[in-house]
Amino acid sequence: LANWDWWQGLGCRTTHCNLEVVQGSTLVFLATKPHVLPGVLEEIRPAVGSHHVIVSLVAGVTLHTLQRLLPPHTKVLRLMPNLPCVVQAGAIVFSRGAAAGAAEAALLRSLLSSCGLCEEVPESHIDVHTGLAGSGVAYVSAGKGGNLGLAPSLRAHPRDAPVFQAYLFAEALAEGAVKMGMPGALAGRIAAQTLLGAAKMLLETGEHPAKLRGDVCTPGGTTIYALHRLEKGALRATVMDAVEAATKRACEMAKD
Numbered sequence: 001l002a003n004w005d006w007w008q009g010l011g012c013r014t015t016h017c018n019l020e021v022v023q024g025s026t027l028v029f030l031a032t033k034p035h036v037l038p039g040v041l042e043e044i045r046p047a048v049g050s051h052h053v054i055v056s057l058v059a060g061v062t063l064h065t066l067q068r069l070l071p072p073h074t075k076v077l078r079l080m081p082n083l084p085c086v087v088q089a090g091a092i093v094f095s096r097g098a099a100a101g102a103a104e105a106a107l108l109r110s111l112l113s114s115c116g117l118c119e120e121v122p123e124s125h126i127d128v129h130t131g132l133a134g135s136g137v138a139y140v141s142a143g144k145g146g147n148l149g150l151a152p153s154l155r156a157h158p159r160d161a162p163v164f165q166a167y168l169f170a171e172a173l174a175e176g177a178v179k180m181g182m183p184g185a186l187a188g189r190i191a192a193q194t195l196l197g198a199a200k201m202l203l204e205t206g207e208h209p210a211k212l213r214g215d216v217c218t219p220g221g222t223t224i225y226a227l228h229r230l231e232k233g234a235l236r237a238t239v240m241d242a243v244e245a246a247t248k249r250a251c252e253m254a255k256d
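Those letters in the sequence shown? Residues 1 to 256, per our numbering, in order.
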């Protein structure tokens, strides 16, 4: 109800009817829990036409599944943001379905560029992005304050340690994504944006790191699998393991 009131306060038209949304819109965002989505698609399918652009933010639901559950030749895109989008420092990737063209990609990029970094990628990179950036903002607060993996010289000069750790952390994030199949240059950009977004969330929200970590950590999701790995081992290897664990969990969710 609070969310409903917030949208109304912005002057937005609101409705409880999914069919009404599709009938009155051209660009439609799907942002449900994965188990809810098939019922929503069944409801809106009769109203979806060739003029619609359907964008899914639903974790673990592939373009193939979306295209199968919607009318043939529907323009479908799959999008994966992360939490710092709320402070315009997010990391977003998207992929096009078979019927979506350059115009739809350009439209989505123009709408989302104000939220942070926005990159078009092959769909196979979306699960990696989940492990890198979607869950990655939680890794920052999980690692706050420790000296995991520091060289002896840095333990002797602790004022240099935070900068070293930040660069090592960014490098480990990117290398974890590379290990899972993402190109190095793209992984580096997203890793840097993930650290920037996590820091901006801390500064602008004033929330405790544990609270922000909890906001990302849904039961049975990718982040809790990654955080479990972060409780073990040295920083560099463990961050890489965390990205891998979250990526694998994202792949598993697609098969559930």
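For each residue, glycine too, the CB sits at the ideal point set by N, CA and C.
Cβ pair residue i, residue j closer than 9 Å
| i | j | result |
| --- | --- | --- |
| R45 | P71 | yes |
| A166 | L203 | no |
| T14 | H52 | no |
| A191 | G136 | yes |
| A250 | T222 | yes |
| V76 | A100 | yes |
| Q193 | A133 | yes |
| A106 | F94 | no |
| A98 | L63 | yes |
Nearest-angstrom beta carbon gap, residue j and residue i [assumed within contact, 8 Å]
| i | j | result |
| --- | --- | --- |
| E244 | M182 | With 8 Å as the limit, E244 and M182 do not qualify as a contact, their Cβ atoms being about 12 Å apart. |
| E119 | L227 | At roughly 25 Å, the Cβ-Cβ gap does not stay under 8 Å, so E119 and L227 are not in contact. |
Rounded separation between residue i and residue j - CA only
| i | j | result |
| --- | --- | --- |
| A103 | P122 | 17 Å |
| V257 | F29 | Since the first residue of the chain shown is 1 and the last is 256, residue 257 is not available in this structure. |
| A341 | G214 | Beyond the ends of the chain as shown, which are 1 and 256, falls residue 341; an answer cannot be given. |
| A254 | L112 | 24 Å |
| V178 | A59 | 21 Å |
| M201 | A91 | 13 Å |
| G24 | G49 | 12 Å |
| P12 | G188 | Per the sequence shown, the amino acid found at residue 12 is Cys instead of Pro. Between C12 and G188, the C-alpha separation is close to 37 Å. |
| P84 | T74 | 30 Å |
| T65 | V87 | 31 Å |
| V21 | D241 | 41 Å |
| R109 | L10 | 23 Å |
| A237 | H125 | 21 Å |
| E207 | S114 | 23 Å |
| V129 | G184 | The question names Val, yet the displayed sequence has His at residue 129. Approximately 13 Å, taken between the alpha carbons. |
| T205 | H16 | 30 Å |
Below-9 Å beta-carbon distance, residue i vs any chain B residue
| i | result |
| --- | --- |
| R13 | The structure shown contains no chain B; it is built from a single protein chain. |
6 Å CB neighbourhood of residue i in its chain, flanking five on each side removed
| i | result |
| --- | --- |
| L57 | A31 and L79 |
| W7 | T14 |
| A198 | V137 and V140 |
| G131 | V243, A246 and T247 |
| D127 | T247, A250 and C251 |
| P81 | G90 and I92 |
Residues near residue i by beta carbon distance below 8 Å, same chain, minus five either side
| i | result |
| --- | --- |
| V239 | Y139, G143, F169, A172, L173, G176 and L230 |
| V61 | P34, L37, R78 and A254 |
| G220 | none |
| K211 | none |
Sequence-distant residues of its chain with Cβ nearer than 7 Å to residue i (five each side left out)
| i | result |
| --- | --- |
| N18 | V40, E43 and I44 |
| I224 | C217 |
| W4 | T14 |
| K232 | T238 |
Starting from the N-terminal side, write out each stretch of the alpha helix (DSSP H) that is 4 residues or longer and does not extend beyond the stretch 56-100. 63-69
Problem - Complete beta strand (DSSP E) runs within the stretch 27-59 (minimum length 3 residues, chain order) - result: 27-30 and 53-56
If we require 3 or more residues per run, which beta strand (DSSP E) segments fall completely within the stretch 99-135? 116-120
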